[in-house]
Structures are given as C-alpha cells and as structure tokens.
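Engineer:
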Amino acid sequence: MGVLQQSYRIRLASNTIARIIEAVANMTASPKSGNAPLVVAFDGTGSSGTNNADLKEYQWDFGDGVTATTTTPTTTHTYTVVATRKASLVVKDIYNIVSDPFYLTINVGGTQPPEEEYSTFTLDLADMALKYKRLKETTASPPTASYPEYVTALAALKARIGNNSPKVSTLSSNTLTRINYNLTLKPDTYNNSAINYGLSTTKRNAYTLPPYWWPRRVNTTTGTYDSSKSYNEAGAIVGNGEPYVKRDGIVNPETSIYKDAGYIQQIAADVLTLGVYFYYSSDQSYANKAVALLKSFFTSTTTGMMPHSKFIEVIKGNVDWKGYGSSSGFVATEVLTDIADSFQLLRIRGASALDDVFETAMLQWITDFWGYMTKEFTSKPATTDVENYIHWKKLWDPTSSSGIYYNYNNIRTLYTLQVCTFAVLTGKKQWAIDHINKYVKDVGSTKGLISRQFEVVTRTGTNGVSETFCDQPLELSRTRPWTYSCKNLTGWLQLCQLAQYLGMDLANYVSPGGSSIKKAINGMLFYTENTSVFPKLDNGKPISDPVLYDLFDSRARLASGLWPNDAALQTRIKNI
1 MGVLQQSYRI RLASNTIARI IEAVANMTAS PKSGNAPLVV AFDGTGSSGT
51 NNADLKEYQW DFGDGVTATT TTPTTTHTYT VVATRKASLV VKDIYNIVSD
101 PFYLTINVGG TQPPEEEYST FTLDLADMAL KYKRLKETTA SPPTASYPEY
151 VTALAALKAR IGNNSPKVST LSSNTLTRIN YNLTLKPDTY NNSAINYGLS
201 TTKRNAYTLP PYWWPRRVNT TTGTYDSSKS YNEAGAIVGN GEPYVKRDGI
251 VNPETSIYKD AGYIQQIAAD VLTLGVYFYY SSDQSYANKA VALLKSFFTS
301 TTTGMMPHSK FIEVIKGNVD WKGYGSSSGF VATEVLTDIA DSFQLLRIRG
351 ASALDDVFET AMLQWITDFW GYMTKEFTSK PATTDVENYI HWKKLWDPTS
401 SSGIYYNYNN IRTLYTLQVC TFAVLTGKKQ WAIDHINKYV KDVGSTKGLI
451 SRQFEVVTRT GTNGVSETFC DQPLELSRTR PWTYSCKNLT GWLQLCQLAQ
501 YLGMDLANYV SPGGSSIKKA INGMLFYTEN TSVFPKLDNG KPISDPVLYD
551 LFDSRARLAS GLWPNDAALQ TRIKNI
C-alpha cells in the first residue's frame, strides 16, 4: 500500500514504481424514471478491470430482488412494482478481481396493478421463512400460532403466489435448469498446473483454503518478507510461498482455485430457495429439484460430500495443522444450517420426492457431521496419531485459541448455531438446551459466550446524547469490524429463534455483567444513527458507505421479530 491507500507495483525491467489501477464498475441506465412496467436498459461499458485488464463478468442487482450475471456489458430489466429502486453493478476481471459496486437510482411510478401486489410480500419471503426454521416435527404444520403477527401476511402471500407469477416463473427458468451438483465436475487444473489437494485422497472430501491467508513473498529490493505484495504480482514468492501468512480482511484470489467453498455456498442457497418456494407454492417441481440436489451433494455414495470438515480451510505449510483444516473452517460450513432448514420445509409440506431411504440417509449425514463437530476426547491424542490429534486440536486445544471451544468470536457463534441446529433436527433437543446453558450463558464464575463477546460501553452520539449498549470487541479488532459485527449478530439472532423453539428466552438473557444480545443490537442501531462515532473504518471505508450501511438492514428486520413489543426498538429499526 502506498500514499492515500493506493496499491503499487515494482517494475523490475524499468526500475520504476507504478500505481495499480483497481477494477472499477460504471454504468448508465435509460430511462431512470417512468411508470410501471418500466423497461430499463443498463450499460456498463464504462467499467474497467485491474490495470485495464479485460472484464469477464458483469454482476447486476436491479434492486427489486432480481439479479443477473452477464459476460457482456449491457442488459435490460423490467420493473413491475411502483417503488424507488437502487440498482448496482459489480464487475470481475480476468484475474478474478472484483470491483466495488456502482449504484444508480431507478424511480418507478404509476398505479400498481392489483395482481402484482404479492411482490411486496415476496421481497420479505426469506425473512418470513426464518420464522419457521429450526423445527424438529416431521408431519405437523408449522407453529404459526407462535408468531401471530405473521399469520395474516403469510396466508395472503401463499394465496398470491402461483406457478404463473413472475417471481416463480423466473425461479423456474433459472434454478430448475441448473446442472446437478456433482463433485466430479471439480476442475483438476488451473493455469496449466495440477491442483494440489494435499492429504485428501478423494474428491468427496471438501477441500478449501482460508480466504485471508497468502503465500509469503519477499521485497526484491530489501530481500525481506513483504506482506503488502498481492498474490497476482509477478515474481518474488519465497519458494512455494509456504508457510502462508495471514492478511486479515484481504481475500487471496488463489482460494478461488479450490471450488468446494463455492459449491457449498451455492447448494445451500439453491436448496433453500427451492424449499421456500415449494412451501408457499406447493409446486412439486421445486421439491423434486431440491431433493435431486441434496442426493447428489450429500447422500450419493459416489458424489456426496463426506460428513466432516477435515480439509476445509487448510493453511498451506502451517506446521501446527499438518496439512489439515483449521478450526476456522467451521465458519465455512455455516450455510449448512440452511440445508437443514430446507430439508425440514420439504418434510413439513410433504414433498413427493422424499422417501424413507433418502430421509434416513440425509438424517444420517447430518448426524455424522454433527458427531464430527462435537466429538469429545477422554485425553489429548498423541501427536503421532495425526488425524485424531488434529481433530482434538480443532475442538479442544486451549493454546492460542486453536480449539473452537477456546475461540470466542463470530466463528464460535456460527459453530454454536450449527451444532444446536443439527442436534434439534436429529432428535437431540435436550443436548441443544444443555449446550446453550453450559456454553452460551454464564455458569457461576465461568463466563459464557455472551459475556465474552459483548462488552458494555457508553458512547456519545453526534447530538451530544450518551447511550449505554454492548460493543463486540473481538469483531472490532478486525480489519472489517462492521462486516464481522453484522455477521456475528446474524448468527446470534438465528440462535435466538432456535432457542425459542427450545423454550428458552435467549433474546432477553442478560449476563450478570450486563451483557446481552439485545444491547448489541441497540449498539448497532446507535452506530447507524451516528456513523462517524463507529470506532474504526471497515477495510478503509466508513460505515456510512451504502454497501456497509445496508449490511445491517436485514439483521435489523430479523431483530424486529424477536422483540415485537419493544416500541422504541421498532421505531429505531424502521428509521434505518
């Protein structure tokens, strides 16, 4: 990094230093306003790649819940709902460098046709579905009585969604025609070099690298290690770059070579989408596709992912982890809770594609994965028993926060959400209750996760008024403090919902020291109202940046459902 946070490249041939021009998205729209249905032509030809490299992907978000990815810089979109939309464009160049978003506002006017009224509900479809997540029952209808404020809206939503509606038609043409996920599709080469899967002996083992770990490089002038050099910069790697070193908040593009992280993310997103739409439309085609994907990715004995995370987030060359994945890998599987939720939606609504053989196999996969995540050891294995030693280290090693039970940041939150969700789904409800009581809440003088994560502080706003709430110091220490504070609270809010099903009021729990999830939510709301007071920049950007500011919006709406009778909290959330 150089002056004004710019990146620079040393050109050895000419003995000069040149500034790296980062990928930049730019677009125009015509027209920007008009009555619905409004057809808008978007043009991103003004975008550019890193140092003017060619662009290979244009990622469009039209602001109304619809997205598209193209290889050309132009596209069109029809807005059917009267509203003001914030469209955005992100571009990716041939080096897989992704730009920051470029935003445009589209004003859609006119009188909204009655038949399109359902669209105002579909925008919140996933959030509403969260109210029915984390269920154990296999045949009973969802407990709508527990959430009376949603009953009317959900009934209206289901009545309005049909197979001919624009939203469902779009999903059908895009999601249902996707190829089946199959691990044999994993690429074997990258830039004409064989991919090294380390100790993994089968492609059924998910294998990923941690995003923030980079190969070691040297400064060609001083001959010393230089952490500022980028992965794509030519030359200067120390040997094979091992052992890799951490650059927090900066993604190493090399991680994209190993596709399994993306596969896991995409399968979870697709199956959840299909499950939610099946639940509300009763269209078996969505369920059929969801079950086919689940079979291919999880229960197939030839293509299914093995139920463990042994090789997830392998730090290359790290002597402590000996070629196996570290405990940070538990955050990479956070989306598997969506798989569990999707599976339940299919069971609750009665998907015809489900059968006893598949259900048994799917539940066994989840049971085995939960067993891997929660294995207890009577003693520390010998270091010569490498696989068991690393397994113990990932869970129980107290040194340097190696073990997840001695790690207290967002990774531990998402680990807790996973193991409790899987426990409930597989019939171990009491285990989940005991786990929350033992590790989340304070027990005597032993602090629980809430006390360790949330620190009571008093801050003064820009209006001179002081407020007491909870900060998240472990997330504030990161280079992306706002991003990780939002991520951490997402896990907590979902855990609060699960606790409700377990008969526990975790949302209103206050530790003896005054720490609570609700106070942390109020802290984030305080910062959205006083953006300049937030203690740190997020990767060099203030939280008033539109992308960062909007990160908390969906979390706030989820929080709204947990404290429906807190008028002050509801008002603050509405004002975001």
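576 is the number that full-length UniProt numbering gives the last residue of the sequence shown; the numbers go up by one with no jumps. Don't be surprised by glycine CBs; every beta carbon is placed ideally from N, CA and C.
I need the boundaries of the beta strand (DSSP E) containing arginine 459, first residue and last residue.
Structural biologist: Residue numbering aside, residue 459 sits at position 459 when the sequence shown is read from its first letter. For arginine 459, the enclosing beta strand (DSSP E) covers residues 455-460.
Engineer: Could you tell me how far apart the beta carbons of tryptophan 392 and phenylalanine 369 are, in whole angstroms, since I believe they sit closer than 8 Å?
Structural biologist: The sequence position of residue 392 within the sequence shown is 392, counting from 1. The sequence position of residue 369 within the sequence shown is 369, counting from 1. The C-beta distance from tryptophan 392 to phenylalanine 369 rounds to 18 Å, too long to meet the 8 Å contact threshold.
Engineer: Taking the alpha carbon of glycine 65 as the reference point, which residue from Thr72, Thr71, Pro73, Tyr79 has its own alpha carbon closest?
Structural biologist: In the sequence shown, the residue the question calls residue 65 occupies position 65. Comparing Cα-Cα distances from glycine 65 to each of Thr72, Thr71, Pro73, Tyr79, the minimum goes to Tyr79.
Engineer: Considering only C-alpha positions, which residue in the set Ser400, Lys375, Gln418 is nearest to asparagine 388?
Structural biologist: Counting from one through the sequence shown, the residue named residue 388 turns up at place 388. Checked all of Ser400, Lys375, Gln418; the closest Cα to asparagine 388 is Lys375.
Engineer: Please state whether DSSP places glutamate 117 in a helix, a strand or coil.
Structural biologist: Within the sequence shown, numbered from 1, the residue matching residue 117 stands at position 117. Bear in mind that a pLDDT of 24 at glutamate 117, under 50, signals an unreliable position, so the model cannot answer this.
Engineer: Suppose you measure from the CA of glycine 464 to the CA of phenylalanine 526; what does that come to, to the nearest Å?
Structural biologist: Here residue 464 refers to the residue found at position 464 when the sequence shown is read from its first residue. Here residue 526 refers to the residue found at position 526 when the sequence shown is read from its first residue. Going from the Cα of glycine 464 to the Cα of phenylalanine 526 covers about 13 Å.
Engineer: From what residue to what residue does the alpha helix (DSSP H) around residue 577 run?
Structural biologist: Nothing can be reported for residue 577: it is not among the residues displayed for the chain, which extend from 1 to 576.
Engineer: Which one or two residues does DSSP pair with glycine 110 in a beta bridge?
Structural biologist: Indexing the sequence shown from 1 puts residue 110 at position 110. DSSP, once it has assigned bridges, lists no residue as partnering glycine 110.
Engineer: I believe cysteine 420 touches leucine 489 by the beta-carbon criterion, under 8 Å. Please report the beta-carbon distance rounded to the nearest angstrom.
Structural biologist: Along the sequence shown, read from residue 1 onward, the residue named residue 420 stands at position 420. Along the sequence shown, read from residue 1 onward, the residue named residue 489 stands at position 489. Wrong, their Cβ atoms sit about 17 Å apart, outside the cutoff.
Engineer: Give the range of the beta strand (DSSP E) segment to which tryptophan 563 is assigned.
Structural biologist: Residue mapping note: residue 563 aligns to position 563 of the sequence shown, counting from 1. From DSSP, tryptophan 563 is part of no beta strand (DSSP E); its letter is neither H nor E.
Engineer: In chain order, what are the residue ranges of uninterrupted alpha helix (DSSP H) at least 4 long that sit wholly in the region 338-373?
Structural biologist: none
Engineer: Is there contact between the region 36-44 and the region 79-95, where contact requires at least three CB pairs shorter than 8 Å?
Structural biologist: yes
Engineer: Measure the Cβ-Cβ separation of residue 583 and isoleucine 450 and say whether it is below 8 Å.
Structural biologist: Nothing in the structure corresponds to residue 583, since the chain is present only between 1 and 576.
Engineer: Quick one: what does DSSP say glutamate 467 is sitting in, helix, strand or coil?
Structural biologist: In the sequence shown, counting from the first residue as 1, residue 467 sits at position 467. Glutamate 467 falls in the strand class under three-state DSSP.
Engineer: Looking only at its own chain, which residues have a Cβ that is under 8 Å from the Cβ of tyrosine 103, when we skip the five neighbours before and after it?
Structural biologist: Mapped onto the sequence shown, residue 103 falls at position 103. Hits under 8 Å: Lys86, Ala87, Ser88, Pro546.
Engineer: Helix, strand or coil for threonine 202? Go by DSSP, reduced to three states.
Structural biologist: Counting from 1 along the sequence shown, the entry for residue 202 is found at position 202. Here threonine 202 sits in coil by DSSP.
Engineer: Going by DSSP in three states, phenylalanine 102 sits in which element: helix, strand or coil?
Structural biologist: Within the sequence shown, numbered from 1, the residue matching residue 102 stands at position 102. Strand at phenylalanine 102.
Engineer: Just checking, does the region 255-274 make contact with the region 323-330 on the three C-beta pairs under 8 Å criterion?
Structural biologist: no
Engineer: Pairing CB atoms from the region 295-314 with CB atoms from the region 204-214, are three or more of them under 8 Å?
Structural biologist: yes
Engineer: From alanine 423 to cysteine 496, what does the alpha carbon distance come to, in whole angstroms?
Structural biologist: Start at 1 with the first residue of the sequence shown, and residue 423 comes out as number 423. Start at 1 with the first residue of the sequence shown, and residue 496 comes out as number 496. Near 15 Å, if we compare the C-alpha coordinates of cysteine 496 and alanine 423.
Engineer: Is tryptophan 492 closer than 8 Å to leucine 548 when the C-beta atoms are compared?
Structural biologist: Taking the first residue of the sequence shown as 1, we reach residue 548 at position 548. Taking the first residue of the sequence shown as 1, we reach residue 492 at position 492. Cβ atoms of leucine 548 and tryptophan 492: not closer than 8 Å.
Engineer: In whole angstroms, what separates the C-alpha of phenylalanine 469 from that of serine 400?
Structural biologist: Counted from its first residue, the sequence shown places residue 469 at position 469. Counted from its first residue, the sequence shown places residue 400 at position 400. Approximately 29 Å, taken between the alpha carbons.
Engineer: Tell me whether asparagine 35 sits in a helix, a strand or coil according to DSSP, three-state version.
Structural biologist: In the sequence shown, the residue the question calls residue 35 occupies position 35. Reduced to three states, the DSSP call for asparagine 35 is strand.
Engineer: Quick one: what's got a C-beta closer than 8 Å to asparagine 180's C-beta in the same chain, skipping five residues either side?
Structural biologist: As a working mapping, residue 180 is identified with position 180 in the sequence shown. Annotation note: pLDDT 43 at asparagine 180 (below 50); position unreliable, coordinate value reported separately. Only Ala292, Leu293, Ser296 meet the Cβ criterion.
Engineer: Going by alpha carbons, who is nearest to serine 511 out of Gln472, Arg452, Glu475, Asn539?
Structural biologist: Counting from 1 along the sequence shown, the entry for residue 511 is found at position 511. Ranking the options by Cα distance to serine 511, first place goes to Arg452.
Engineer: Figure out for me which residue from Glu254, Tyr258, Pro243 has the closest Cα to the Cα of serine 200.
Structural biologist: Start at 1 with the first residue of the sequence shown, and residue 200 comes out as number 200. The shortest C-alpha separation from serine 200 is found at Tyr258.
Engineer: Run through DSSP, which three-state label would serine 48 get?
Structural biologist: Locating residue 48 in the sequence shown gives position 48, where the first residue counts as 1. For serine 48, the secondary structure class from DSSP, reduced to helix, strand or coil, is strand.
Engineer: Taking only heavy atoms of the ligand MG into account, decide whether any of them is closer than 7 Å to the Cβ of cysteine 470.
Structural biologist: Within the structure as shown, the ligand MG is missing, as the structure has no ligands at all.
Engineer: Mark isoleucine 94 as exposed unless 16 or more other C-beta atoms lie within 10 angstroms of its C-beta, in which case mark it buried.
Structural biologist: Counting from one through the sequence shown, the residue named residue 94 turns up at place 94. The residue in question, isoleucine 94, is exposed, as its Cβ has fewer than 16 Cβ neighbours within 10 Å.
Engineer: Mind checking asparagine 407: buried by the 16 CB within 10 Å criterion, or exposed?
Structural biologist: Working through the sequence shown from its first residue, we reach residue 407 at position 407. It counts as buried.
Engineer: What whole-angstrom Cβ distance do tyrosine 58 and glycine 46 have, given they're in contact under 8 Å?
Structural biologist: Position 58 of the sequence shown, counted from the first residue, corresponds to residue 58. Position 46 of the sequence shown, counted from the first residue, corresponds to residue 46. That belief does not hold up - the Cβ atoms of tyrosine 58 and glycine 46 are roughly 12 Å apart, past 8 Å.
Engineer: Under the three-state reduction of DSSP, which class applies to tryptophan 60: helix, strand or coil?
Structural biologist: By 1-based counting over the sequence shown, the position of residue 60 is 60. Strand at tryptophan 60.
Engineer: Which one of Tyr244, Thr360, Ile348 has the shortest CA to CA distance from isoleucine 315?
Structural biologist: Locating residue 315 in the sequence shown gives position 315, counting from the first residue. For isoleucine 315, the nearest C-alpha among the options comes from Tyr244.
Engineer: Nearest-angstrom Cα distance between threonine 426 and arginine 412?
Structural biologist: Taking the first residue of the sequence shown as position 1, residue 426 is located at position 426. Taking the first residue of the sequence shown as position 1, residue 412 is located at position 412. Roughly 21 Å between the two C-alpha positions.
Engineer: Can you tell me where the alpha helix (DSSP H) holding arginine 412 begins and where it ends?
Structural biologist: Reading the sequence shown from its first residue, position 412 is the one you call residue 412. Its alpha helix (DSSP H) spans residues 410-425.
Engineer: Could you pull the start and end residues of the beta strand (DSSP E) that asparagine 483 belongs to?
Structural biologist: Counting from one through the sequence shown, the residue named residue 483 turns up at place 483. For the sequence presented, residue 483 should be read as threonine rather than asparagine. It is not in any beta strand (DSSP E) - threonine 483 instead sits in the alpha helix (DSSP H) that spans 481-501.
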